[in-house]
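First up is the structure itself, then whatever we jot down about it.
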Amino acid sequence: MSAINENGRQLAEPVVRPSQRLGRLPRRLGRLIRRQPLGVFGLLVVVILIIVAVSGPWIAPYDPTAADPAALRESPSAHHFFGTDQMGRDVFSRVIMGARLSVGISFTVVAISAVISTLLGIVAGYYQRWPDYLLQRTGEFFSAFPPLVFLLLVVSVLHPSVRTLLIALTLPVALAGGSRVIRAATISIKQNQYVEAARALGASDTRIIFLHIPPNVMPLTIVGATTGLGSVILALSALGYLGLGVPPPTPDWGGDLSGQARTYFRSAPWLAIFPGLAISLTVLSFNLLGDSLRDLLDPRLRSRQ
Amino acid sequence: MQAYIIRRASFLAPVILAVSIAVFFALRFMPGDITVILLGPNASPQQVAELRADLGLDKPMPVQYVNWLGHVLRGDLGKSYVLGNSISGEILDRLPITLEILILTLFFTALLGISFGVISAFSQNSPLDYLVRVTSIFGLSLPGWWMGIMILLIPSIWWNYSPPLGYVPIHENLWANLRQFVPPALVLAAASSAVLMRLTRTVLLDILRQDYIRTARAKGLQEKTVILRHAIKNAMIPLITVLGGQMAILFGGAVIIEQVFSLEGLGRYMLTSIAQRDFPVVQVLALYTAVVVVVVNLLVDVSYAWFDPRVRYQ
Numbered sequence: 000m001s002a003i004n005e006n007g008r009q010l011a012e013p014v015v016r017p018s019q020r021l022g023r024l025p026r027r028l029g030r031l032i033r034r035q036p037l038g039v040f041g042l043l044v045v046v047i048l049i050i051v052a053v054s055g056p057w058i059a060p061y062d063p064t065a066a067d068p069a070a071l072r073e074s075p076s077a078h079h080f081f082g083t084d085q086m087g088r089d090v091f092s093r094v095i096m097g098a099r100l101s102v103g104i105s106f107t108v109v110a111i112s113a114v115i116s117t118l119l120g121i122v123a124g125y126y127q128r129w130p131d132y133l134l135q136r137t138g139e140f141f142s143a144f145p146p147l148v149f150l151l152l153v154v155s156v157l158h159p160s161v162r163t164l165l166i167a168l169t170l171p172v173a174l175a176g177g178s179r180v181i182r183a184a185t186i187s188i189k190q191n192q193y194v195e196a197a198r199a200l201g202a203s204d205t206r207i208i209f210l211h212i213p214p215n216v217m218p219l220t221i222v223g224a225t226t227g228l229g230s231v232i233l234a235l236s237a238l239g240y241l242g243l244g245v246p247p248p249t250p251d252w253g254g255d256l257s258g259q260a261r262t263y264f265r266s267a268p269w270l271a272i273f274p275g276l277a278i279s280l281t282v283l284s285f286n287l288l289g290d291s292l293r294d295l296l297d298p299r300l301r302s303r304q
Numbered sequence: 000m001q002a003y004i005i006r007r008a009s010f011l012a013p014v015i016l017a018v019s020i021a022v023f024f025a026l027r028f029m030p031g032d033i034t035v036i037l038l039g040p041n042a043s044p045q046q047v048a049e050l051r052a053d054l055g056l057d058k059p060m061p062v063q064y065v066n067w068l069g070h071v072l073r074g075d076l077g078k079s080y081v082l083g084n085s086i087s088g089e090i091l092d093r094l095p096i097t098l099e100i101l102i103l104t105l106f107f108t109a110l111l112g113i114s115f116g117v118i119s120a121f122s123q124n125s126p127l128d129y130l131v132r133v134t135s136i137f138g139l140s141l142p143g144w145w146m147g148i149m150i151l152l153i154p155s156i157w158w159n160y161s162p163p164l165g166y167v168p169i170h171e172n173l174w175a176n177l178r179q180f181v182p183p184a185l186v187l188a189a190a191s192s193a194v195l196m197r198l199t200r201t202v203l204l205d206i207l208r209q210d211y212i213r214t215a216r217a218k219g220l221q222e223k224t225v226i227l228r229h230a231i232k233n234a235m236i237p238l239i240t241v242l243g244g245q246m247a248i249l250f251g252g253a254v255i256i257e258q259v260f261s262l263e264g265l266g267r268y269m270l271t272s273i274a275q276r277d278f279p280v281v282q283v284l285a286l287y288t289a290v291v292v293v294v295v296n297l298l299v300d301v302s303y304a305w306f307d308p309r310v311r312y313q
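From first to last, the protein sequence lines are chains V and H.
Under numbering that gives the first Met the number 0, the first residue of the first sequence carries the number 0, and numbering increases by one thereafter.
Under numbering that gives the first Met the number 0, the first residue of the second sequence carries the number 0, and numbering increases by one thereafter.
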């Protein structure tokens, strides 16, 4: 793949023997870092974030929910890197464990909605007519709600819990969000000769929809999903800040900035700074990674270069 | 042109109706009984029954919906369960606040988004371009409400400064009013101007490769004229679409930003009403936002047809 998009420069290189391949890996990595430094930075942070999310309980120095009345709102120190909150809980441990929730929810939401929206987009673009009509009207229905207002309504109707958040965040993305791009791509892809060839060989619609079209819309799905992760975390933290996230005392970046903590921001600014930085850094790295992936994968951008 | 507008407008009513039905019935499945909130847990069953009859909650839900819709269509938005005051009066009181936030935000979005987009496109791949693009990713990534908290927090810790408390109308004291409204508008505009900036850059880069730009330059036009009359004018269509699309997001953003900056606008009204299970208010506000968002989308489509004659004849 990379042989083609480097304007044929790669093709001119001499054939490499397998023993030389290993030596090329650092060089290719070096080139990637030079070309997409921000994307590599984003990837690095995302990898660290996943590691932190998985191994949270072993990294966190304290129990994130254990209140210590003897250490209320202590400023950051060698004992408590990010200080302690209004109940004497260790902010560093809460930020670490908050990664679990944010990463867990956002990956689940994006994985489910990427599959659903890709399938819906392909079906609508492939058949057009009434499935397409249905998808477009659904999209209009969701676009009439400001996203945050929709989340507020769903979460308060269903009771705040992890399950509710999953439903509320997945619905609009799965049914309306990404499928529009996939639909448009499918409409042009299905006119390609290889689809015609598949049909001529007797492939059924189902076979074409599940086997022949997905590989070609995959770049769009991947790019959409990566930036989707960022926006899910933003939405989740906004709900948390409004007090509609996961119920306390579960550590939650947005939730830790809401409620009682707000009255202490002025005297204990670390309560406001660290969870907010965690959200910002996470969303930033997903967006940086998504941007680089778009440069590398998006066929529309690739052909233009 | 007229036929096009009518065709597009005919889609409005079903969407708005669907939104109103969805919100109306969803609210009735919300946990938490309004009679308990109003009367307290110790009310006698008779009191509860009276209140339910009073509020019209004893009738079947579809009947309730039709009654409500009938009143709304006749211009009667009803009364708040909790405060007992007229919803339309409350909306009129709060509308100037939300409206000022949204107008200022749109202004900053257009100003920052388009100008930096132009700068970035005309200095493609230079350090300046890189800087603008990286800044825009920051704008997209940092949560607006957190930036708001920081904007309030930092001056208050360092200089003991805080914006004036309580809403100051624009005609009473312009300076105090702007001190209240510019920070939330800038914070809200951070994300949307980043979106607009990135789009402006992409669209302009595309346009700058077109033949008519080369022609304009070849016939000796000043670079300024090329940019303003030929390049930006043609970039306006997609920009307007995105600016219109941002309206819905800004509406939601206003909810949270009003909370951060303690501004008593429609967003806060929505939040407290949802928390207090004040159905009539939530229904009206949801309907209201849906109408505004859908109408803005329509205006965007119409302006599209206005700018680009090809759209009209499809």
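The beta-carbon is built from N, C-alpha and C at its ideal position, and this holds for glycine as well.
Since this is a predicted model, take the numbers as computed values, not measurements.
Check: Residue interval of the alpha helix (DSSP H) (run including GLU99 (chain H)); Outcome: 86 to 121
Check: Where THR83 (chain V) falls: helix, strand or coil (DSSP); Outcome: strand
Check: Nearest-angstrom beta carbon gap, LEU270 (chain H) and GLN258 (chain H) [assumed within contact, 8 Å]; Outcome: 6 Å
Check: Residue from V:LEU276, V:PHE140, V:GLY124 with nearest C-alpha to VAL22 (chain H); Outcome: V:PHE140
Check: SER87 (chain H) vs LEU76 (chain H) beta-carbon contact at 8 Å; Outcome: yes
Check: Residues bridged to ASP62 (chain V) [DSSP beta-bridge criterion]; Outcome: ASP62 (chain V) pairs with nothing; no bridge assigned.
Check: Residue(s) in a DSSP beta bridge with LYS78 (chain H); Outcome: H:SER85
Check: Inter-residue spacing [alpha-carbon to alpha-carbon] between PRO60 (chain V) and ALA98 (chain V); Outcome: 15 Å
Check: As assigned by DSSP and simplified to three states, the class of ILE5 (chain H); Outcome: helix
Check: Counted within 10 angstroms of its Cβ, other Cβ atoms place THR224 (chain H) as buried (16 or more) or exposed; Outcome: exposed
Check: Which listed residue (H:LEU38, H:SER192, H:ASN176) has its alpha carbon closest to that of PHE383 (chain H); Outcome: What the structure shows of chain H is the stretch from 0 to 313, and residue 383 (chain H) is not part of that stretch, so it cannot be assessed.
Check: Chain V residues whose Cβ lies nearer than 7 Å to that of SER155 (chain H); Outcome: ARG265
Check: Test: GLY252 (chain H) CB closer than 8 Å to a CB of chain V; Outcome: yes
Check: From H:ARG213, H:ALA8, H:ALA234, H:VAL133, residue whose alpha carbon lies closest to that of THR199 (chain H); Outcome: H:ALA234
Check: Coil, strand or helix - ASP210 (chain H) by DSSP; Outcome: helix
Check: Ranges of the alpha helix (DSSP H) found wholly within the segment 180 to 241 of chain H, counting only runs of at least 4; Outcome: 210 to 217
Check: Where MET29 (chain H) meets chain V, residues with beta-carbon distance less than 7 Å; Outcome: SER155, VAL156
Check: Whole-Å CB distance - GLY266 (chain H) paired with ALA247 (chain H), under 8 Å assumed; Outcome: So it is not a contact: roughly 13 Å between Cβ atoms.
Check: Interface positions of the segment 114 to 135 of chain H facing chain V (Cβ-Cβ less than 8 Å), listed along the chain; Outcome: VAL133
Check: Residue burial classification, LEU28 (chain V) (beta-carbon count within 10 angstroms, cutoff 16); Outcome: exposed
Check: GLY82 (chain V) beta carbon less than 8 Å from that of ALA66 (chain V); Outcome: no
Check: Cβ pair GLY275 (chain V), TRP157 (chain H) closer than 8 Å; Outcome: no
Check: Simplified DSSP assignment, three categories, for ASP277 (chain H); Outcome: coil
Check: Beta-bridge partners of ASP89 (chain V), as assigned by DSSP; Outcome: V:THR83
Check: Contact check, ALA25 (chain H) vs LEU243 (chain V), beta carbons under 8 Å; Outcome: no
Check: SER140 (chain H): contacting residues in chain V (beta-carbon distance under 7 Å); Outcome: GLY229, SER279, VAL282, LEU283, ASN286
Check: Interface flag, SER142 (chain V) vs chain H, CB-CB below 8 Å; Outcome: yes
Check: C-beta neighbour in chain H for VAL125 (chain V), strict 8 Å; Outcome: Note on identity: in this sequence residue 125 (chain V) is Tyr, with Val being the wrong assignment. Not one chain H Cβ lies under 8 Å of TYR125 (chain V).
Check: Bounding residues of the alpha helix (DSSP H) (the contiguous stretch that carries MET29 (chain H)); Outcome: It is not in any alpha helix (DSSP H) - MET29 (chain H) carries neither H nor E in the DSSP assignment.
Check: Distance, ALA237 (chain V) Cα to ILE255 (chain H) Cα; Outcome: 8 Å
Check: Spatial neighbours of PRO68 (chain V) in its chain, beta-carbon cut-off 7 Å, leaving aside the 5 residues before and after; Outcome: GLY87
Check: Proximity below 8 Å, CB of VAL14 (chain H) to CB of VAL293 (chain H); Outcome: yes
Check: Cβ-based burial, ALA2 (chain V) [other Cβ within 10 Å; buried from 16]; Outcome: Annotation note: pLDDT 41 at ALA2 (chain V) (below 50); position unreliable, no value reported.
Check: Closer than 8 Å to chain H by CB, SER236 (chain V); Outcome: yes
Check: Collapsed DSSP secondary structure at ASP300 (chain H) in the structure displayed; Outcome: helix
Check: Simplified DSSP assignment, three categories, for HIS170 (chain H); Outcome: coil
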